[in-house]
Amino acid sequence: MILEKMIDELYELSKKAIASGIHISFEIGLAGYPCQVWVEEPPESKMTTYDIYREEVMMKESVKNYEAAREHLTRLLKENGS
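Quick note: the sequence shown uses this note's numbering, first residue 368, plus one each step.
Right, dumping it as structure tokens:
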């Protein structure tokens with residue numbers, strides 16, 4: 368299922384980011400949002416949230432959020448030398 372693959376990839380990127388000292392929160396839920404990723408960027412402590420939805424009608428939004436989160440995490444990892 369595409370949803371599971373998106374969540375798995377974001378989870379792997381989040382683990383790498385956390386290991387690199389990047390401030391990430393990753394949550395997987397049974398009900399509501401199946402996945403939420405929070406990325407905090409110092410020094411402003413700017414928090415960006417990416418939501419992946421379970422509902423089919425929200426899949427377009429979920430794919431958009433997944434791609435944005437993947438790009439954000441990948442950029443931070445590159446900037447951090449990871």
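For each residue, glycine too, the CB sits at the ideal point set by N, CA and C.
Confirm, please, whether the CB-CB distance from L377 to V404 is below 8 Å. yes
Please report the residue range of the alpha helix (DSSP H) in which E379 lies. I369 to A386
For V406, report the span of its beta strand (DSSP E) as first-last. C402 to E408
Proximity below 8 Å, CB of F393 to CB of S412: no
Using DSSP bridges, identify the partner residues of I389. Beta-bridge pairing links I389 to no other residue.
Helix, strand or coil for R394, going by three-state DSSP, please let me know. One point to set straight first is that residue 394 is Glu, not Arg, in the sequence displayed. In the structure shown, E394 adopts extended strand secondary structure according to DSSP, grouped into three states.
Under 8 Å by Cβ, that's how I've got A384 and I391 pegged, so tell me the actual separation to the nearest angstrom. With 8 Å as the limit, A384 and I391 qualify as a contact, their Cβ atoms being about 5 Å apart.
Measure the alpha-carbon distance for V424 versus A386 and round it to whole angstroms. 34 Å
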